[in-house]
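Let me begin by presenting the structure, written as structure tokens, before commenting on it.
Spelled out as structure tokens, the structure:
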């Protein structure tokens, strides 16, 4: 007439405390077979179970079917749970109940094989006599009736209940009636130690102090790490979703800037700074000379090149529209300022030496300066050397970023970069903003922010196209993005005062740069790691637990994780719809961009943050050019 109440699959933050409260009020002992992955999330409940006089047993770490997993995995399941409980309580567990165990004990060779090593290790296998199937939906009264019925058939015995693994509220609700009625019928509630005729300390001996301390510290770190991963995941999800939707909304609302009608055509100087660009400088100058605009000239500034850049540029000196300057190597900003000193035009259109501008680009850019509020105009940069996977991925990045992000930020007058590949500037506005600064590695971003802070408007003209040569190797790309990341960080820090000036530059663009340019690359890999761990857990447990494929694809974490790339895919399709001339086959690279290319960019940002922290910055540098001839008609 003895009864032992045992509880599997806990501790649960809701059901376990409720069950413990009832056991305490009725002065009833119990035995709790805990899961490691539940115990690590609720160590205080594990301590409470022990403090209130109940027994603790192992139910493995993650509830696999032990007969379906490898021997090494089985050892990890049991040993990690033992180490965890030792770390939390200072006690070792000798009681063990296997997941999915039958009430009659093992009946297959696999089930026997999984239990033998545990018996050899000193564990006592705890079975059960009364199985009311409380994991099947029942009311509290139905459950109580079934427990009482089976106890009377067995004249007592071990009762299998659950305090975790699902909604066990009816199990908890049934306890008071079960306890009171069975006591009235003459049954006594006791412990497994009493049934075995041993002292409680034999089932839960003191653990080794060193092992206990190590286990406590180890699992505390693991538990906090998992919590941090969850926080990182949901943070990335929330702000990523908000940003993607906001950018799409603002980009859709953007209306092309319409300059006032005027017969005046502002004079233009095309500025080409060059450093070791011998392979591409001639094509760049020729393309610029073919511009369909009346009043323009070209200034080429050789910034101390060590190759034939100057010799090839000076071959154009015969042309009345071309001026070639040469200076010691002082950096791109100094080269631009040298051209600014020489120029007599109202507008400066700065292009990189590897850029080839479309014939109508100058006229399209210059037209906006008929509006006196416009200080700068960003053109559209198109990747010309799409000859390998890396350059095609960059082409995809350029298309989506310019079509969505630049359109959205133009709507707010919060563009942070007028690109060096093709950007137009009002000469007087450049002077007011303080000419190009050598204080940052990205003088174009620095000047763009200064222009907005001087109350000028920065426009995006997507019809003004320049094709450019992007890095063809991973090392070259990493070098370029390191410089860009460092430079944007410097520019953002330099213009931090904009955050109190009530302009969208400080209210929107700089916070966006800080969060999505630097914070997200730090925490996004943690979110990716979180998903990887979830998938590893699923696939290692598949077939060994009651999980199925439907359970994993309906997991809120998986749905949330997939929502972000789904929005990115939608943004990419919208970007290509807004630019119907682009090659839609690039969209096939979206999975590669997400899995591979995005990680490269994250690493570049992390390197930049490390360089900034250690004070090791980067120089202007250059990319090894191949000198492609871009087919403007095909590209645009």
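Residue numbers (UniProt numbering): 1 to 636. Even for Gly, the Cβ is constructed at its ideal location relative to N, Cα and C.
Residue i to residue j span [Cα, whole Å]
i	j	result
residue 526	residue 613	21 angstroms
residue 235	residue 265	50 angstroms
residue 32	residue 110	25 angstroms
residue 180	residue 151	14 angstroms
residue 48	residue 122	25 angstroms
residue 17	residue 9	14 angstroms
residue 204	residue 91	6 angstroms
residue 279	residue 485	27 angstroms
residue 243	residue 327	44 angstroms
residue 284	residue 356	5 angstroms
residue 288	residue 298	8 angstroms
residue 186	residue 26	15 angstroms
residue 609	residue 444	20 angstroms
residue 387	residue 39	54 angstroms
residue 472	residue 259	39 angstroms
residue 81	residue 24	26 angstroms
residue 1	residue 166	31 angstroms
residue 118	residue 28	29 angstroms
residue 200	residue 206	11 angstroms
residue 316	residue 500	48 angstroms
residue 487	residue 493	10 angstroms
residue 343	residue 323	10 angstroms
residue 345	residue 440	26 angstroms
residue 281	residue 556	54 angstroms
residue 632	residue 573	Low local confidence applies: a pLDDT of 42 at residue 632 is under 50, so the model's placement there is unreliable, with the coordinate-based value given in what follows. Going from the Cα of residue 632 to the Cα of residue 573 covers about 23 angstroms.
When the options are compared against residue i, the one with the closest alpha-carbon
i	options	result
residue 68	384, 303, 112, 56	112
residue 599	431, 496, 390, 136	390
residue 62	52, 78, 126	78
residue 639	164, 256, 423	The shown model of the chain, from 1 to 636, leaves out residue 639, and the question about it has no answer.
residue 202	124, 469, 257	124
residue 127	385, 404, 70, 58	58
residue 594	583, 561, 582, 584	561
residue 511	319, 428, 420, 416	416
residue 245	146, 571, 323	571
residue 420	172, 183, 272	272
residue 464	427, 558, 351	351
residue 255	582, 408, 324, 173	408
residue 369	200, 427, 418, 207	427
residue 133	171, 153, 496	171
residue 174	200, 137, 198, 193	137
residue 414	508, 588, 450	508
residue 359	321, 286, 309	286
residue 582	238, 153, 395	395
CB-CB length for residue i against residue j, believed under 8 angstroms
i	j	result
residue 564	residue 240	5 angstroms
residue 436	residue 566	With a Cβ gap of about 41 angstroms, residue 436 and residue 566 do not count as contacting.
residue 164	residue 12	4 angstroms
residue 195	residue 4	6 angstroms
residue 274	residue 338	About 12 angstroms separates the two Cβ atoms, so there is no contact after all.
residue 159	residue 148	Between residue 148 and residue 159 the Cβ distance is about 10 angstroms, and since that is not below 8 angstroms, they are no contact.
residue 55	residue 192	6 angstroms
residue 449	residue 491	6 angstroms
Own chain, CB closer than 6 angstroms to residue i, minus 5 neighbours either side, in chain order
i	result
residue 366	266, 268, 347
residue 460	378, 406, 410
residue 311	none
residue 168	15, 162
residue 630	Caution applies to residue 630, whose pLDDT of 48 falls short of 50 and renders its modelled position unreliable; the model cannot decide the point.
residue 301	273, 325, 335, 338, 339
residue 308	278
Residues that residue i bridges to, as DSSP identifies them
i	result
residue 290	None, per the DSSP bridge assignment.
residue 91	206
residue 377	424, 459
residue 326	302
residue 273	301
residue 55	31
residue 467	356, 382
Close-in-space but distant-in-sequence residues of the same chain around residue i (CB under 8 angstroms, 5 per side omitted)
i	result
residue 177	140, 141, 144
residue 454	375, 429, 432, 433
residue 51	none
residue 592	389, 393
residue 306	276
residue 198	none
Same chain, Cβ closer than 7 angstroms to residue i, neighbours up to 5 away in sequence not counted
i	result
residue 294	265
residue 660	What is shown of the chain runs 1 to 636, which leaves residue 660 out entirely.
residue 182	3, 148, 151
residue 19	7, 163, 172, 175
residue 451	375, 376, 429, 433, 458
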